[in-house]
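Heads up: the protein sequence lines correspond to chains A and B, in order. Quick note on numbering: the first sequence equals residues 1 to 598 in full-length UniProt numbering. Quick note on numbering: the second sequence equals residues 1 to 319 in full-length UniProt numbering. C-beta: ideal position from N, C-alpha, C; glycine also.
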Amino acid sequence: MYEDDLRQMIGRVQRGMLSRRGFVKRMAALGLTAPMATQLLAITGAAPAAAQTSSAYRPTRRGGGGQLKILYWQASTLLNPHFGSGTTNQDASRVFYEPLAGWNTDGTLHPILAAEVPSIENRGLTEDGRSVTWKLKRGVKWHDGQDFSADDVVFNWEYAKNPAVAAVTSGSYRDVNVVKVDDYTVRVEFNQPTPFWADAFVAAVGGIIPKHLFKDYAGANARDAPTNLRPVGTSAYKFVSFAPGDNLRAELNPNYHLDNRPYFDTLEIKGGGDAVSAARAVLQTGDYDYAWNMQVEDAILKRLEAAGRGKVNIVDGGGIEFVQLNCTDPNQEVDGERSSIKTEHPAFRDPAVRQAMALLIDRNALEQFIYGRGGPATANFLNNPPRFRSPNMRWEFSIQKANDVLDAAGWARGGDGIRAKNGVRLKFLFQTSVNAPRQRTQAIYKQAAQRAGIELELKSVTASVFFSSDVANPDTYTKLYADMQMYTTTMPQADPERFMNQYTSAEVSSKANNWQGRNIVRWRNAEYDRIFSEAQGELDPVKRAALFIRMNDLVVSSNHIIPLVKRPTVSASLNTLHPVLSAWDGTTWLLSDWWRDA
Amino acid sequence: MLQYLARRLIIAIPSLLGISVILFTVLALAPGDPFEELATNPAIPPDVRAHLRASLGLDDPVYLRYFSWLSAMLRGDWGYSFVSRIPVDQLILQRLPTTIAVIGLSQVLALAIAMPVGVYAATRPYSVFDQVANTLAFIGFSLPTFFTGLLLIMLFSIQLDWLPFVFRTSIEATGWMWWWEMFRQSIMPIAVLGLFQGAAWTRFVRSAVLDVIRLDYVTTARSKGLPESRITMRHVVRNAMIPVVTLVALQMPVVFSGAIVTEQIFRVPGIGSLLITAILSNDTPVIMAVTFVFSALVIFFNLLADVLYGWLDPRISYR
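Next up, the structure:
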């Protein structure tokens, strides 16, 4: 069963010969999950886009909701979406600036400043995949009363792609061309067929800033614009005051472009402190309505939840904690570079060793005893949105099986109990960042490996060093001067193209590119490269999903990548609050639709 | 006297320069840069980050960066924060009122406890009062502030639900209600810092007074029949104050630098929390400004302490 069968069935749904429910049932019988099946229908146009109903907003008039108090344990420092590096700044800018569309948590688009989501049917998309036409919502006003129009959208493209501005969003804008069709229509044009067209003007990188206030700061002086700290946007809440690194206040926008919104009269986002006390302030004392990113042990969260005031929100996204088995030899220096792609790892070159390593980590124990609800075990590297989730991968924990595999491959135990073959001993340096759950995972892994005759030497590096891009430091994760390492990688968009490029040969991290390549494990596979470039130009969503599933299967079954647990985003809110959260967009992406039981 | 002051001020210049060189070098040697977060984000091409670095001058050699910082500083330009792009002096000024109010009041509280308790305990050594005061003082400065802070939060915010534990700068109330709210949220951080400091100072004041109270001139004063209160205040305390003044004066710059741990626990937006977030995000201009002002204040208060000696004890003269 693959995309041919799928396509036939979708065709039958479209022609009315098969009910949607029947389709979902058949997919389930084939091992595909229901969400995956409904999404396939939605993106192929066989079902109404779910995007229009992303929240169950109930208040029937604007305002009257009092104050909404949000707590971030990291504080925002800047309020320009084009400069906001890091989630906190992006979320804070998002309170005031809106993109054309945002991402629902199911991976579909939700129109915000756009009148509708472009599709082939409404002629927003073209068959050749070379352009996307956005129709803008009419009657939208900036907070200062000026009209929002296509000129603002085009200006944002010019602003972000200008190298002198040095916008962090420039990657999304510099390879496209944006044309104003009329005052309320813009067209984004691509150089080649682009299946993933929803990047520019969408979600975190898409916040539209007003042309009339930024046009004098669209060059090297961009960082000195006063509006960087006093935003004027189109959103449901207007700016009141901002103390960088501390506090952000906003108030209801009486002219917001959606009826009955927003619900709250004022908004306060307080930054700083630590995650545990933030959880306390919401779940235990109820001083705050919502706390962001609860990186707190699940046992503590459960205890705080017992107070009955608030609940923990878990939003499943693409974040994944995983182990990399180095493809290259970290102990051999070639041309002044360790872990060079000219070498091969002496032990991990043997698939049997990699298979054994994958069999030796007990994901169930990780989920149960370390991560709790914040880390469900998974066998896939690419887990979400559901239409990209492979049904083919399984994980298993069996020390017995690992021993058998190694015995069969001729790795015999030496006098010290450590296996060796042709002078290569199975003794590995296993590094990760300093972080309590990771150190506990390391310990669990080490114990299991020991029983299979493999010795793991554990190393932990301070996070600020491990994740830095410092070329001079040998302990950064991109250098991978170790046999294996473990960390979490996140998926910033609902499309896996940018996520899965981290296993293409072109991205191999090396001295030549200052270790900025994304393929850190240095895995190279001709088939993967071919499928990836195919997916980059594949316009058929069903076929494209199948290609990404194949990529996941290739990299996971190589066992150079061992997925451990998913890392959903965890937040806390009062029981009475109805936040609208998304795995693919910032916390504040749809603040206009937050409300509270009266 | 003036000559002495001038000499001291001139000596201060090379030490300030030395401090700034050391600070700058250490910061330049530290790993990471303000755009670290961009490095792990696949949506941002590496050359954007390189361009950002270049636009902030981070790719220049360390000595060039130092001299451009120094010349700007001499012209009174404190530079821009890398992460929030506003002038550093504005950033510091924004934090200054809260810092001075909270940390300043905690120092006042510490003095208000240490002086009377220390002096009274010393005039009646080994009495019940002295024993109790000593014990409490030991407990006070043995417990770290992060522990007492959490303890107070557990008791007053969570168990009793009397006081808020998140310090807010945007209280809506006006007039008396504003003061009341402000008082409610400040009392825990002030108490934590003040009691810790006060405990240490109590011990110090007590031993300083004890040293003086045994001297012959005090016995002489007593035998003249002077009232006990007059002896203590005029003859004992004034002379015992010399070491205490040094200690307190050296503590004063802390009012500016804030208290990193306590500010973090109670989310007080003071200079301490500014400094720690700046350090974590490698925001060099802010770190330099805060630490540099701090070292300047240390030097200044040292000088002030020396001048105060002369007033407390006219035998000490300056040439």
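Chain A within 8 Å of residue i, Cβ atoms only
i	result
residue 159(B)	no
residue 35(B)	yes
residue 358(B)	The question about residue 358(B) has no answer, for chain B in this structure spans 1 to 319.
residue 68(B)	no
residue 164(B)	yes
residue 189(B)	no
residue 102(B)	no
residue 63(B)	no
residue 91(B)	yes
residue 203(B)	no
residue 106(B)	no
residue 131(B)	no
residue 124(B)	no
Short CB-CB distance (under 8 Å) between residue i and chain B
i	result
residue 166(A)	yes
residue 274(A)	yes
residue 191(A)	no
residue 434(A)	no
residue 509(A)	no
residue 319(A)	no
residue 479(A)	no
residue 47(A)	Its pLDDT being 45, under 50, residue 47(A) is placed unreliably by the model, and nothing is read from it.
residue 171(A)	yes
Limits of the alpha helix (DSSP H) - the one that residue i falls within
i	result
residue 88(A)	87-94
residue 137(A)	From DSSP, residue 137(A) is part of no alpha helix (DSSP H); its letter is neither H nor E.
residue 151(A)	150-161
residue 173(A)	170-173
residue 527(A)	526-537
residue 51(B)	46-55
residue 189(A)	Counting along the chain, residue 189(A) falls outside any alpha helix (DSSP H), though it belongs to the beta strand (DSSP E) covering 185-190.
residue 110(A)	Unbroken run through residue 110(A) is the beta strand (DSSP E), 109-111; no alpha helix (DSSP H).
residue 71(B)	62-74
Counted within 10 angstroms of its Cβ, other Cβ atoms place residue i as buried (16 or more) or exposed
i	result
residue 311(B)	exposed
residue 78(B)	buried
residue 179(B)	exposed
residue 48(A)	Low confidence applies here, because residue 48(A) scores a pLDDT of 43, under 50, leaving its location unreliable and the question unanswered by this model.
residue 161(A)	buried
residue 533(A)	exposed
residue 57(B)	exposed
residue 171(A)	buried
residue 566(A)	buried
residue 61(A)	exposed
Limits of the beta strand (DSSP E) - the one that residue i falls within
i	result
residue 562(A)	561-566
residue 67(A)	67-72
residue 103(A)	101-103
residue 257(B)	Unbroken run through residue 257(B) is the alpha helix (DSSP H), 253-257; no beta strand (DSSP E).
residue 488(A)	484-489
residue 433(A)	427-433
residue 457(A)	455-461
residue 177(A)	176-182
residue 574(A)	569-574
Exercise for review: Counting only runs of 4+ residues fully inside the stretch 265-320 of chain A, write out the alpha helix (DSSP H) ranges in chain order.
Suggested key: List check, alpha helix (DSSP H) in window: 275-279 and 298-305.
Exercise for review: Identify each residue in the stretch 230-254 of chain A for which the Cβ-Cβ distance to at least one residue of chain B is less than 8 Å, and report them in chain order.
Suggested key: Residues of the stretch 230-254 of chain A whose Cβ lies closer than 8 Å to any Cβ of chain B, in chain order: 241, 243, 244, 245, 246, 247 and 249.
Check your understanding: Taking Cβ-Cβ distances below 8 Å as the criterion, which residues of the stretch 68-89 of chain A are in contact with chain B?
Key -> Using a CB distance below 8 Å, the part of the stretch 68-89 of chain A facing chain B consists of 71, 75, 77, 78, 83, 85 and 86, ordered along the chain.
Check your understanding: Taking Cβ-Cβ distances below 9 Å as the criterion, which residues of the stretch 265-280 of chain B are in contact with chain A?
Key -> The residues in question are 265, 266, 267, 268, 269, 273, 274, 277, 278 and 280.
Review point. According to a CB-to-CB cut-off of less than 9 Å, which residues of the stretch 231-245 of chain B neighbour chain A?
Key: Of all residues in the stretch 231-245 of chain B, none has a Cβ within less than 9 Å of some Cβ in chain A.
Check your understanding: At which residue ranges does the stretch 331-406 of chain A contain complete alpha helix (DSSP H) runs of 4 or more residues, listed in the order of the chain?
Key -> Segments of the alpha helix (DSSP H) lying fully in the stretch 331-406 of chain A: 351-359.
**Study point:** Contact list for the stretch 279-306 of chain A against chain B, Cβ threshold 9 Å
**Key:** For the stretch 279-306 of chain A, the beta-carbon criterion of a distance under 9 Å to any beta-carbon of chain B is satisfied by 280, 281, 284, 285, 287 and 288.
Review point. In the stretch 121-174 of chain B, which residue ranges form an unbroken alpha helix (DSSP H) of at least 4 residues, counting only runs that do not cross its ends?
Key: 128-142 and 145-152, all fully within the stretch 121-174 of chain B.
Exercise for review: Output, in sequence order along the chain, the residues in the stretch 559-575 of chain A whose CB is closer than 7 Å to any CB in chain B.
Suggested key: So the list is empty, because no residue satisfies the distance condition.
Review point. In the stretch 194-224 of chain A, which residues sit with their C-beta less than 8 Å from some C-beta in chain B, listed in chain order?
Key: Only 205, 220, 223 and 224 from the stretch 194-224 of chain A bring a Cβ to less than 8 Å from some Cβ of chain B.
**Study point:** Chain-ordered residues of the stretch 503-529 of chain A with a beta carbon less than 8 Å from chain B
**Key:** Those would be 513, 514, 516 and 518, in chain order.
Check your understanding: At a Cβ cut of 9 Å, what residues of the stretch 345-374 of chain A count as close to chain B, listed as they run along the chain?
Key -> Result list empty, no residue passes.
Check your understanding: Could you give the uninterrupted runs of the alpha helix (DSSP H) lying entirely in the stretch 191-278 of chain A, keeping only those of 4 residues or more?
Key -> List check, alpha helix (DSSP H) in window: 211-214.
**Study point:** chain A contacts made by the stretch 4-15 of chain B, where a contact means CB separation under 9 Å
**Key:** Shown here is that no member of the stretch 4-15 of chain B has a Cβ falling below 9 Å from a Cβ of chain A.
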